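Encoded as structure tokens, the structure appears first; notes follow it.
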Amino acid sequence: MFSSAIRNKSRLVFDLQKLSNKFSTSNQSNVKVAVCGASGGIGQPLSLLLKQSPLVTELSLYDIVHTPGVAADLGHIETKSKVKGFVGPDQLKDSLKGAEVIIIPAGVPRKPGMTRDDLFNTNASIVRDLAQAVAEVAPKALVGIISNPVNSTVPIASEVLKKAGVYDPNRIFGVTTLDIVRANTFVAELKGLDPTNVNVPVIGGHSGITIIPLISQAKPSVEFPKDQLKALTERIQEAGTEVVKAKAGAGSATLSMAYAGAKFAFALCRALKGESVTECAFVKSDVTEAKYFSTPIVLGPGGIAKNLGVGKLTDFETELLKAAIPELKKNIQKGEDFVNKN
Ligand code: NAD
Ligand code: LMR
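Residue numbers (the numbering used here): 645 to 986.
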């Protein structure tokens, strides 16, 4: 019985290692990662994925509730990284000291019938206050913002950092990875492919019509009849709402978001270690008329190393882009005004 327990344990460790290797090609491991909102629906599974990665040596968990418990729990996992919990605004700055990567899933999620913009009133001030602490103690960190509405929270954090005189546009990212994860999954399902081998760039923003999947640039190359392409595009744009409806009042995507958030955090860790990694993210941009825009980004130790732009668009994708810009500009302005007019 004892030997079968050891066999099972070895299998579990092996499986976790495989999962981590999927995200990591480097064995170097000395990145301190902080999660703000670590006790939440996203925060907990995201912290679990970070804890099992050899890329992370220190994991700092901040929330306004429950982080001592979450940290004690995760701290028993037999991986090298050290976990520490911080709770409440008095401990916020300590939680961020020395962090090189900061991931922010703090804030309320949607309920059925709400738009992401309906979260603005609550989440804007949460992200503003977290960004203020980043400005004061970790201005050189690479920051990934998950909190919605991403189209506004990224401009909010950026304006706060600007006001503090420490803004570096290359270091602030809106995490849109879940849109790419979903597009890969849906395309793979329709074409009978292995989703792990599919890569669909998704550009624009992170809400409804601002989410622009570039199916024409999918790898491997795929084609759909017009009506199927339209339905697929709309499903990707509304996939968050699909989960909100299915959860029926119990929140929005948490597990798939934790996966996507970990994927993006590991990309930042690997970039910090000098690997050249490409991920889509919502960043300060001059690619379109919108001041912030998601495109494939080559990441390096200083954050954005190169913006790869939108590439060659089909007529269908050009129309999607045209429809997205006014909404994006409005969302961005709202975020900027929140910081500058208050
Ligand atoms: P949740 O309510 O389960 O968890 C949010 C956590 O944030 C809670 O633990 C809460 O205590 C904490 N929190 C609240 N105020 C805080 C503060 N001032 N400082 C630190 N922590 C604070 O919500 P969730 O399901 O984890 O979703 C979190 C956010 O992520 C929502 O805004 C949601 O819309 C967004 N989201 C974004 C994406 C994306 O693709 N970018 C995907 C899914 C969800
Ligand atoms: C998502 O895309 O799942 C998130 O933005 C959460 C939401 O409100 O849809």
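Glycine is no exception: its CB is placed at the ideal position from the N, C-alpha and C atoms.
As the structure is a computational prediction, the values presented were derived from the model and not from experiment.
Item                                                                                                         : Value
Any non-hydrogen atom of the ligand NAD closer than 7 Å to LEU740 Cβ                                         : no
Whether VAL844 touches LEU786 by CB criterion (8 Å)                                                          : no
Near the ligand LMR: LEU822 beta-carbon under 7 Å from a heavy atom                                          : yes
Alpha-carbon spacing of LYS935 relative to LYS973, whole angstroms                                           : 7 Å
Check: THR885 C-beta below 7 Å from any heavy atom of the ligand NAD                                         : no
Contact test: HIS1064 Cβ vs the ligand LMR heavy atom, cutoff 7 Å                                            : No answer is possible for residue 1064: the residues shown for the chain start at 645 and end at 986.
Extent of the continuous beta strand (DSSP E) run through TYR811                                             : No beta strand (DSSP E) contains TYR811, which DSSP labels as neither H nor E.
Identity of the residue in VAL983, PRO970 and VAL927 nearest GLY788 by Cα                                    : VAL927
Spatial distance of LEU736 from LEU774 (CA atoms)                                                            : 8 Å
From GLY852, ARG815, LEU690 and PRO749, residue whose alpha carbon lies closest to that of ASN951            : ARG815
Nearest-angstrom Cβ-Cβ length linking ASN792 and ASN767, presumed shorter than 8 Å                           : 6 Å
With 16 other Cβ atoms within 10 Å as the buried cut-off, status of ASN867                                   : A quick correction: the sequence has Glu, not Asn, at residue 867. By the neighbour-count rule (16 or more Cβ atoms within 10 Å), GLU867 is not buried but exposed.
Buried versus exposed, by CB contacts within 10 Å (16 or more), ILE721                                       : exposed
C-beta atoms of ILE747 and ALA902 nearer than 8 Å                                                            : no
Completely contained beta strand (DSSP E) runs for the stretch 706-794, where each covers 3 or more residues : 726-731, 745-748 and 786-789
Reference SER900; option with closest CA among ASP762, VAL727, GLU886 and LEU912                             : GLU886
Nearest-angstrom Cα separation, counted from ALA782 out to PHE960                                            : 42 Å
Near the ligand NAD: LEU705 beta-carbon under 7 Å from a heavy atom                                          : no
Proximity winner among PHE908, GLU963, ILE856 and VAL954, relative to LEU943 (alpha-carbon distances)        : PHE908
Cβ-heavy atom distance, MET901 to the ligand NAD, below 7 Å                                                  : yes
PRO756 versus VAL888 - alpha carbon distance                                                                 : 6 Å
Local conformation of THR868 per DSSP, three classes                                                         : Here residue 868 turns out to be Phe, not Thr, going by the sequence shown. The answer is coil: DSSP assigns PHE868 none of H, G, I, E or B.
Closest residue to VAL752 among VAL954, ASP707, THR922 and LYS917 (Cα-Cα distance)                           : ASP707
Closer than 7 Å: ARG815 CB and nearest the ligand LMR heavy atom                                             : no
Alpha carbon of LYS805 to alpha carbon of LEU834, nearest angstrom                                           : Here residue 805 is Leu; the residue named in the question, Lys, does not match the sequence. Cα to Cα, LEU805 sits roughly 43 Å from LEU834.
Which listed residue (MET758, GLY681, SER725 and CYS913) has its alpha carbon closest to that of ALA894      : MET758
Residue from LYS956, GLY848, LYS985 and LEU873 with nearest C-alpha to ASP990                                : A question about residue 990 goes unanswered here, because the residues of the chain that appear run from 645 up to 986.
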